[in-house]
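Structure record follows, encoded as structure tokens.
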Amino acid sequence: MELNTLSIIFAGLATMMVAASLLAVTTRNIMRATVYLLFVLFGTAGIYFILHYAFLGAVQVTVYAGGIIVLFVFAALLIGRGTRDLTHTSILRYTAGFTAAVTGLALSVYLIFTHSFPEVKSPTSIVPMNLIGHTMMGADKYNFVLPFEVVSVLLLACMVGALLIARKR
Amino acid sequence: MIPAEYYLVLAALMFFIGVFGFFTRRNLLAMLISTELILNAVDINFAVFNAYYYPEHLEGFFFTLFAIGIAAAETAVAIAIILNVYRNLRTIRLKSIKNLKF
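So the sequence lines, in the order shown, correspond to chains P and R.
Residues 340 to 508 (the numbering used here) make up the first sequence, in order.
Residues 5 to 106 (the numbering used here) make up the second sequence, in order.
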């Protein structure tokens, strides 16, 4: 019964995500593309919840859906009429992009179904929060305090860089 | 349990839809949206490999976590650059951008 519910939820999420991504790359209105991207991001958060990674899903919703979408909306509103002329791609470029995407997709799907992956381990329960905290802040093997600190420096550099680039002359 | 291949196929679909958008869009903001699709697909892959094949450690989990943070930083800088381009050229069409320095 549980398997059935999960499968139905996964099928719904997957359908929504693929449809929303297709619309996000084909619609002519930049605001609509942003909203379709928001649907894809929520679907990704749902996938993380299905995988029992609740913390990752929460981070996805706050950072992506809460932060990045707002940035896109601000940019689209600030730029305004500059975003009207979205497409008018040449048919040659369109065909090239379509061919590249379909070829790559076929190759990846073929590899996914022919490659022998290692054995699937038993399904996990929700990852406990104190394990996440210890793994993030620990300095032992399989712990991540160094990347954590490096990311904090990167975020500082990016903040300074964004201010420098976008300031008024 | 849903087979891991289903997740991987979903991520591959998202990835190549993003690649298609990156090739066909001629507008900087729309190209950035396609890049977000690609990044998300890769994040899903990391989480799935961690959850299905190596659940004893949290490496894919943390890779995804840091990738989300770096994607946010990258988007902030990219949008700052796009706003600067728009301020200087009054357009963000790819065709009109020929020089790195104005």
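Ideal Cβ positions, reconstructed from N, Cα and C, are used throughout, including at glycine.
Just so it is clear, the structure is predicted and the values come from calculations on it, not from any experiment.
Review point. With DSSP run on the structure shown, which of helix, strand or coil describes P:N482?
Key: Sequence index remark: in the first sequence, residue 482 of chain P carries index 143 (1-based). Coil, per DSSP.
Review point. Taking Cβ positions only, does P:V459 come closer than 8 Å to chain R?
Key: Sequence index remark: in the first sequence, residue 459 of chain P carries index 120 (1-based). With 8 Å as the cut-off, P:V459 counts as an interface residue toward chain R.
Exercise for review: Enumerate in chain order the residues of its own chain whose CB-to-CB distance from R:M18 is below 6 Å, with the five nearest sequence positions on each side excluded.
Suggested key: The residue given as residue 18 of chain R occupies position 14 in the second sequence. Its chain contains L41 and A45 as the residues whose beta carbon lies nearer than 6 Å to that of R:M18, once the 5 sequence neighbours on both sides are disregarded; these appear in chain order.
Practice item. State the Cα-Cα distance for the pair R:V113 and P:M498, rounded to the nearest angstrom. Key: The question about residue 113 of chain R has no answer here: the residues shown for chain R are numbered 5 through 106.
Exercise for review: Verify whether the separation of the beta carbon atoms of R:T28 and P:R432 is less than 8 Å.
Suggested key: As a first step, residue 28 of chain R must be located in the second sequence, where it is residue number 24. As a first step, residue 432 of chain P must be located in the first sequence, where it is residue number 93. Against a cut-off of 8 Å, the Cβ pair of P:R432 and R:T28 comes out as a contact.
Review point. From R:R30, R:A16, R:G25 and R:L14, pick the residue whose C-alpha is nearest to that of R:I101; which is it?
Key: Within the second sequence, the letter at position 97 stands for residue 101 of chain R. It is R:R30.
**Study point:** Extent of the continuous alpha helix (DSSP H) to which P:V466 belongs
**Key:** Residue 466 of chain P sits at position 127 when you count from the first residue of the first sequence. Where P:V466 is concerned, there is no enclosing alpha helix (DSSP H), because DSSP gives it neither an H nor an E.
Exercise for review: Kindly indicate the opening and closing residues of the alpha helix (DSSP H) around R:R91.
Suggested key: Residue mapping note: residue 91 of chain R aligns to position 87 of the second sequence, counting from 1. Following the DSSP letters along the chain, one finds R:R91 inside the alpha helix (DSSP H) bounded by residues E63 to L93.
Check your understanding: Are the C-beta atoms of R:I101 and some chain P residue less than 8 Å apart?
Key -> By one-based count along the second sequence, residue 101 of chain R stands at place 97. No, because no Cβ of chain P sits closer than 8 Å to the Cβ of R:I101.
Point to revise | Contacting positions in the region 378-390 of chain P - beta carbon closer than 8 Å to chain R | key: Per Cβ criterion, the list reads V379, L380, T383, I386, Y387, I389 and L390.
**Study point:** C-beta atoms of P:L417 and R:L32 nearer than 8 Å
**Key:** The residue given as residue 417 of chain P occupies position 78 in the first sequence. The residue given as residue 32 of chain R occupies position 28 in the second sequence. For P:L417 and R:L32, no; Cβs fall outside 8 Å.
Exercise for review: Report the rounded CA-to-CA distance for R:A8 versus P:I504, giving the unit in angstroms.
Suggested key: As a working note, residue 8 of chain R is residue 4 in the second sequence. As a working note, residue 504 of chain P is residue 165 in the first sequence. Whole-angstrom Cα-Cα distance: 43 Å.
Check your understanding: Is there at least one Cβ from chain R nearer than 8 Å to P:Y449's Cβ?
Key -> By 1-based counting over the first sequence, the position of residue 449 of chain P is 110. It does not: the Cβ of P:Y449 has no partner Cβ on chain R nearer than 8 Å.
Check your understanding: What span of residues does the alpha helix (DSSP H) with P:Y333 cover, start to end?
Key -> Because residue 333 of chain P is not part of the residues shown, which for chain P are 340 to 508, the question remains open.
Point to revise | DSSP three-state assignment for R:N103, whether helix, strand or coil | key: Counted from its first residue, the second sequence places residue 103 of chain R at position 99. DSSP places R:N103 in coil when its eight states are reduced to three.
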